[in-house]
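Chemist: Please see the structure below; I have some questions.
2 protein chains.
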Amino acid sequence: MPARQTSKPQISKPQTSKPRARRQTPEARPYHHGDLRRVLIDAALQLAAEGAEVSVREAARRAAVSPGAPFRHFPNRDALMAAVAEEAQRRFRAEIEAALAEAPSADPLARFRAFGIAYVRWAMRYPAHFEIISTGRYFAHGSSAELTRDNDELVALTERMLAEAAEQGLLRSTDLKRILIAGRALIYGFARMNLDGHFPRWGVAEAEVERLAEGVIDLFIAGIGKS
Amino acid sequence: MPARQTSKPQISKPQTSKPRARRQTPEARPYHHGDLRRVLIDAALQLAAEGAEVSVREAARRAAVSPGAPFRHFPNRDALMAAVAEEAQRRFRAEIEAALAEAPSADPLARFRAFGIAYVRWAMRYPAHFEIISTGRYFAHGSSAELTRDNDELVALTERMLAEAAEQGLLRSTDLKRILIAGRALIYGFARMNLDGHFPRWGVAEAEVERLAEGVIDLFIAGIGKS
DNA sequence: CTCGAAATGTAATCGATGATTACATAATGG
DNA sequence: CCATTATGTAATCATCGATTACATTTCGAG
């Protein structure tokens, strides 16, 4: 994958076509490139999805733009990564909520189960994106209000499910915080074990993972349930 | 932290003292530096502990050696990281086993508890080291036989504890694999949530973490236990 | 409509990094 | 004692994130 031509003359871009690019939304945007910011985020997102290192230069390259251009839209690499994380988190949350929309609203523990399964599935399907939103290793996590908000709402979601379960007398223990953290640790830990490549060492085959996730979550729910 | 002088004349090293450095072990080692390999690993380990980026050059700098020297001992950066991981894993395993040596050998679930707590504590105390040995993001995890072996033995350790618990009729379920993975996911997930900075978002204070870990593990054990 | 200010992109450059190479030197062992 | 070999140095490359000076396009006020 290395050995990328560095002396490529950059094509110099004839710039003849592209008539005008009238704006369509009330928010106005189109400048030179059209919407470099958006394109850069998508490029970075795809870069991550490909398992490649996400570099500002490579994103710029894919947007057919000079290496300095991205810095007009992001003060530094971390800011780009934060934007990428926001986008990923938005998609993540949307998928979780879609899964919950199909779950029986009456049974809080069934909803918890659906949440956990959707969580693990998304992490399996978009490992690089999950990595970005979950570790804060690529940028300062608190730097994005949107990210924090999205995350907090997901936390509140599971909190409500457990509170409801407690109200309905479904739980053995009343220490909701402990149950909440344990449940999340289980789900997060399972997703990460898969992501971090632990499962081969545990004799768990790729095809088995999803079913195992269900089993593990069921075990947990049975453990906290009454009787 | 940047702006490090690049034109530093490197001191040219008088090299007068250091009489001979007779070898002591049957394995022979002392060449020029003494034991650059060892020193580089320690430097990298400390670099990680300081939260800094681990770079080959910086490790070389700390060993007072030229930037190319490390490559005589490691074919590339990843190989250095693998050696660092081996060292970290060795220490990790030693601490886990020390903790288990103090646990009651008769009660397998108590041993499991002790294992989990020691695991989380080590991860809290040496976050960068834990990160290195647990993610495989810094090098190809399967590339080190020693690392694989150490890890497998830790897996086998918990496996045995659960098998014993099952023999003594302490468990509700007979699906040991499921319980094993769930337990590990819980412990690993908890450690990672702490490492990845999730807990502030969950309203968990730093000082609270260790006690919460115990609670969460107890909750799990109660969940899988009979009655 | 026009023209200047602001937004956006380019080109060149900097220091740092991982990696490779040619060369120097010190240790080992026949 | 000396040649082989292990070890380290110096120089060099390409890539990266970042900054700066400069060019060009867009927009809006008059």
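Residue numbers (the numbering used here), protein chains in the order written: chain A, 28 to 254; chain B, 28 to 254. Ideal placement from N, C-alpha and C gives every residue a C-beta, glycine not left out. Note that the structure is predicted; figures quoted are calculated from it, not measured.
Hey, out of A70/A, I159/A and K204/A, whose CA is closest to A190/A's CA?
Modeler: Within the first sequence, numbered from 1, the residue matching residue 190/A stands at position 163. That would be K204/A, whose Cα lies nearest to the Cα of A190/A.
Chemist: To the nearest angstrom, how far is it from the Cα of L239/B to the Cα of T201/B?
Modeler: By 1-based counting over the second sequence, the position of residue 239/B is 212. By 1-based counting over the second sequence, the position of residue 201/B is 174. Each residue's alpha carbon lies about 28 Å from the other.
Chemist: On the criterion of 16 or more Cβ atoms from any shown chain inside 10 Å, does Q116/B qualify as buried, or is it exposed?
Modeler: Taking the first residue of the second sequence as position 1, residue 116/B is located at position 89. Looking at its Cβ environment, which holds 16 or more other Cβ atoms inside 10 Å, Q116/B is buried.
Chemist: Pop quiz: F166/A and A128/A are said to be a contact at Cβ under 8 Å. What is the actual Cβ separation, rounded to whole angstroms?
Modeler: The residue labelled residue 166/A in the question sits at position 139 within the first sequence. The residue labelled residue 128/A in the question sits at position 101 within the first sequence. About 31 Å separates the two Cβ atoms, so there is no contact after all.
Chemist: Return the CA-CA distance between N103/A and R176/A, expressed in angstroms with no decimal places.
Modeler: The residue you call residue 103/A lines up with position 76 of the first sequence. The residue you call residue 176/A lines up with position 149 of the first sequence. Those two C-alpha atoms are separated by around 23 Å.
Chemist: Determine the direct distance from the alpha carbon of D69/B to that of R84/B, and round the result to whole angstroms.
Modeler: As a working mapping, residue 84/B is identified with position 57 in the second sequence. As a working mapping, residue 69/B is identified with position 42 in the second sequence. Spanning the two alpha carbons is a distance of roughly 14 Å.
Chemist: Just the Cα atoms here: how many angstroms apart are M151/B and L67/B?
Modeler: Counted from its first residue, the second sequence places residue 151/B at position 124. Counted from its first residue, the second sequence places residue 67/B at position 40. Their Cα atoms are separated by approximately 24 Å.
Chemist: Less than 6 Å between C-beta atoms, sequence neighbours within five positions excluded: which residues of the same chain meet that for Y146/B?
Modeler: As a first step, residue 146/B is located in the second sequence; it is residue number 119 there, counting from the start. Cβ neighbours of Y146/B beyond the five flanking positions: I214.
Chemist: Taking the C-alpha atoms as reference points, what is the distance between D223/B and G242/B?
Modeler: For this step, residue 223/B is matched to residue 196 along the second sequence. For this step, residue 242/B is matched to residue 215 along the second sequence. Between D223/B and G242/B, the C-alpha separation is close to 20 Å.
Chemist: Along chain A, which residues have their Cβ under 7 Å away from the Cβ of W149/B?
Modeler: For the purposes of this step, residue 149/B is taken as residue 122 along the second sequence, with counting starting at 1. Residues of chain A passing the Cβ test: none, with the nearest at roughly 16 Å.
Chemist: Return yes when the Cβ of L181/A is within less than 8 Å of the Cβ of R120/A, no when it is not.
Modeler: Start at 1 with the first residue of the first sequence, and residue 120/A comes out as number 93. Start at 1 with the first residue of the first sequence, and residue 181/A comes out as number 154. Yes. Within cutoff.
Chemist: How long is the line joining the alpha carbons of G163/B and H156/B, rounded to whole angstroms?
Modeler: Along the second sequence, read from residue 1 onward, the residue named residue 163/B stands at position 136. Along the second sequence, read from residue 1 onward, the residue named residue 156/B stands at position 129. Going from the Cα of G163/B to the Cα of H156/B covers about 12 Å.
Chemist: Mapping DSSP to helix, strand and coil, what is L197/A?
Modeler: Numbered from 1 along the first sequence, position 170 holds the residue referred to as residue 197/A. Residue state, collapsed to three classes: coil.
Chemist: Using a Cβ-Cβ cutoff of 7 Å, what residues of the segment 162 to 174 of chain A are near chain B? List them in chain order.
Modeler: Listed by position, the residues of the segment 162 to 174 of chain A near chain B (Cβ gap below 7 Å) are T162, G163 and H168.
Chemist: Less than 8 Å between CB atoms is the rule here; does G196/B satisfy it with respect to chain A?
Modeler: Position 169 of the second sequence, counted from the first residue, corresponds to residue 196/B. It does not: the Cβ of G196/B has no partner Cβ on chain A nearer than 8 Å.
Chemist: Of the residues that make up the segment 182 to 207 of chain B, which ones have a beta carbon closer than 9 Å to any beta carbon in chain A?
Modeler: Cβ contacts with chain A: V182, R199, S200, D202, K204, R205, I206 and L207.
Chemist: Can you give the Cα-Cα distance for F217/B and F226/B, rounded to whole angstroms?
Modeler: In the second sequence, residue 217/B corresponds to position 190, counting from 1. In the second sequence, residue 226/B corresponds to position 199, counting from 1. Their backbone Cα atoms lie some 9 Å apart in a straight line.
Chemist: Are L174/B and A106/B touching if we call contact CB-CB under 8 Å?
Modeler: As a first step, residue 174/B is located in the second sequence; it is residue number 147 there, counting from the start. As a first step, residue 106/B is located in the second sequence; it is residue number 79 there, counting from the start. No, the pair does not count as a contact, with Cβ atoms beyond the cut-off.
Chemist: From what residue to what residue does the alpha helix (DSSP H) around A115/A run?
Modeler: Residue numbering aside, residue 115/A sits at position 88 when the first sequence is read from its first letter. Per DSSP, A115/A belongs to the alpha helix (DSSP H) from R104 to A128.
Chemist: Taking C-beta pairs closer than 9 Å, name the residues in chain B that D179/A reaches, listed in chain order.
Modeler: For the purposes of this step, residue 179/A is taken as the residue at position 152 of the first sequence. Neighbours of D179/A on chain B, chain order: R228.
Chemist: Could you give the distance in angstroms between the alpha-carbon of A251/A and the alpha-carbon of R140/B?
Modeler: To locate residue 251/A, count along the first sequence from 1; it is residue 224. To locate residue 140/B, count along the second sequence from 1; it is residue 113. The identity of residue 251/A in the sequence shown is Ile, whereas the question assumes Ala. If you take the alpha carbons of I251/A and R140/B, they lie about 18 Å apart.
Chemist: Secondary structure at E242/B, three-state DSSP: helix, strand or coil?
Modeler: Position 215 of the second sequence, counting from 1, holds the residue named residue 242/B. Correcting the residue identity first, residue 242/B is Gly in this sequence and not Glu. G242/B falls in the helix class under three-state DSSP.
Chemist: Under 8 Å, Cβ to Cβ, is there at least one residue of chain B near P29/A?
Modeler: Within the first sequence, the letter at position 2 stands for residue 29/A. Confidence at P29/A is low in this model, with a pLDDT of 33, below 50, so its placement is unreliable and no value can be given for it.
Chemist: Could you give the DSSP three-state label for G163/A: helix, strand or coil?
Modeler: As a working note, residue 163/A is residue 136 in the first sequence. Looking at G163/A - three-state DSSP - the assignment turns out to be coil, as it is neither helix nor strand.
Chemist: Taking all protein chains shown into account, decide if G78/A is buried (16 or more other Cβ within 10 angstroms of its Cβ) or exposed.
Modeler: Position 51 of the first sequence, counted from the first residue, corresponds to residue 78/A. Exposed, by the Cβ-count rule.
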